[in-house]
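Position one of the sequence shown corresponds to residue 5 (our numbering), numbered consecutively onward.
We put the beta carbon where it would ideally sit given N, CA and C, even for glycine.
This structure is a prediction, so every number in the text was calculated from the model and none was measured.
Structure, as structure tokens:
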Amino acid sequence: MTTVILSQFANDAALCCRLMSVSMRGQMQYRASFLMLVAGTFAISFLEFGAVWIMFDRFGHLRDWSLAEVAVFYGLVNSGFALAEATSRGFEHVPEAIRSGTFDRVLLRPRSIVLQLLGQELQLRRVGRLSQGLLVLGWAWQELGLGFDLPRLGLTGLAILGSASLFYALSVLQGLLSFWTTEALEIANCLTHGGNFVGQYPITIYRDSFRRFFTWIVPLACVTYYPALAIMGRNDAPLSLNSWLAPLAGFAFLAVSLRLWRFGVRYYRSTGS
Numbered sequence: 005m006t007t008v009i010l011s012q013f014a015n016d017a018a019l020c021c022r023l024m025s026v027s028m029r030g031q032m033q034y035r036a037s038f039l040m041l042v043a044g045t046f047a048i049s050f051l052e053f054g055a056v057w058i059m060f061d062r063f064g065h066l067r068d069w070s071l072a073e074v075a076v077f078y079g080l081v082n083s084g085f086a087l088a089e090a091t092s093r094g095f096e097h098v099p100e101a102i103r104s105g106t107f108d109r110v111l112l113r114p115r116s117i118v119l120q121l122l123g124q125e126l127q128l129r130r131v132g133r134l135s136q137g138l139l140v141l142g143w144a145w146q147e148l149g150l151g152f153d154l155p156r157l158g159l160t161g162l163a164i165l166g167s168a169s170l171f172y173a174l175s176v177l178q179g180l181l182s183f184w185t186t187e188a189l190e191i192a193n194c195l196t197h198g199g200n201f202v203g204q205y206p207i208t209i210y211r212d213s214f215r216r217f218f219t220w221i222v223p224l225a226c227v228t229y230y231p232a233l234a235i236m237g238r239n240d241a242p243l244s245l246n247s248w249l250a251p252l253a254g255f256a257f258l259a260v261s262l263r264l265w266r267f268g269v270r271y272y273r274s275t276g277s
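Written as structure tokens, this is what we have:
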């Protein structure tokens, strides 16, 4: 039984890699256009951080937070958001696929629906946002004098992956809502792009109800705020067990969203029904 499961997993992984390879080759056919898209994404993301820089240049600090400390939040959430955006395009296209009837073809194929949507399109231009987020994070790292610390680096990587899992889960939920309404895009954007903006700042600057929502319902604070505290050494027990467990909330949120996705697919009744 274990051998069969491992074999199926290997076949699915190989298919996913093949689909992504096709997507990458298609995007690289026009390299000049691809490079301009990457540069444009990088520049737009840099302008976003430029607005944060201007705010700190004017006011000096945000409560008791410095620009370098806020840059840690910015780098973590934007790096994770870029990874999720690059791989979740298939779920974002679900509303269009349902309206046009092409989603039924996905259901008829003898492969995992999640796998097909995951490999549908790999958005390489998101490399621009990812590199900008990592660049800001590297600058903040140097400004705070964190040095080459393997536990901190490990927690940083885990926080980025947890953030990517959370934003990917929100894209899955966007696709799920499309089974009942084809106008779910704006609702989802409130949580995806809105959540990305919220995560760029310490969660403590928001109202209590807002903090509770982005901690217990959408665990954005768990994947960015609490790991960042430990990375910067702003809590009593830097790199404690709780600091390592907090980013796992992003993976748990993704698991729940995929479970709900299976429920939605089971009760989907096809176009026109």
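Sheet register partners of residue i (DSSP bridge)
i: L66; result: W69
Coil, strand or helix - residue i by DSSP
i: T45; result: helix
i: E125; result: coil
i: H97; result: coil
i: L119; result: helix
i: R216; result: helix
i: G203; result: coil
i: V56; result: helix
i: P114; result: coil
i: V26; result: helix
i: Q33; result: coil
i: S274; result: coil
i: S83; result: helix
i: T196; result: helix
i: A241; result: Reliability fails at A241, whose pLDDT of 47 lies under 50, so the model's placement of it is uncertain and no value is given.
i: V222; result: coil
i: Y210; result: coil
i: L3; result: Since the first and last residues shown for the chain are 5 and 277, residue 3 lies out of range.
i: A17; result: helix
i: L51; result: helix
i: T91; result: helix
i: D61; result: helix
N- and C-terminal bounds of the alpha helix (DSSP H) containing residue i
i: L134; result: 131-147
i: T160; result: 154-181
i: G105; result: Per DSSP, G105 belongs to no alpha helix (DSSP H) and is neither H nor E.
i: L233; result: 229-236
Inset, instruction - Please determine if the region 80-93 and the region 161-172 are in contact, where contact requires at least 3 C-beta pairs separated by less than 8 Å. - result: yes
Inset, instruction - Any chance you could list the alpha helix (DSSP H) runs of at least 4 consecutive residues sitting entirely within the region 243-272, in chain order? - result: 245-249, 252-270
Inset, instruction - For the region 53-73 and the region 133-150, state whether three or more C-beta atom pairs, one from each stretch, are separated by less than 8 Å. - result: yes
Legend entry - contact_flag[the region 210-230, the region 91-111] where n(CB pairs < 8 Å) is 3 or more: no
Legend entry - Segment contact, 8 Å Cβ cut-off, at least three pairs: the region 188-204 with the region 105-125: no
Legend entry - Meets three-Cβ-pair contact criterion under 8 Å: the region 127-134 and the region 88-95: yes
Inset, instruction - Evaluate contact between the region 259-273 and the region 223-233, counting only Cβ atoms and requiring at least three cross-stretch pairs below 8 Å. - result: no
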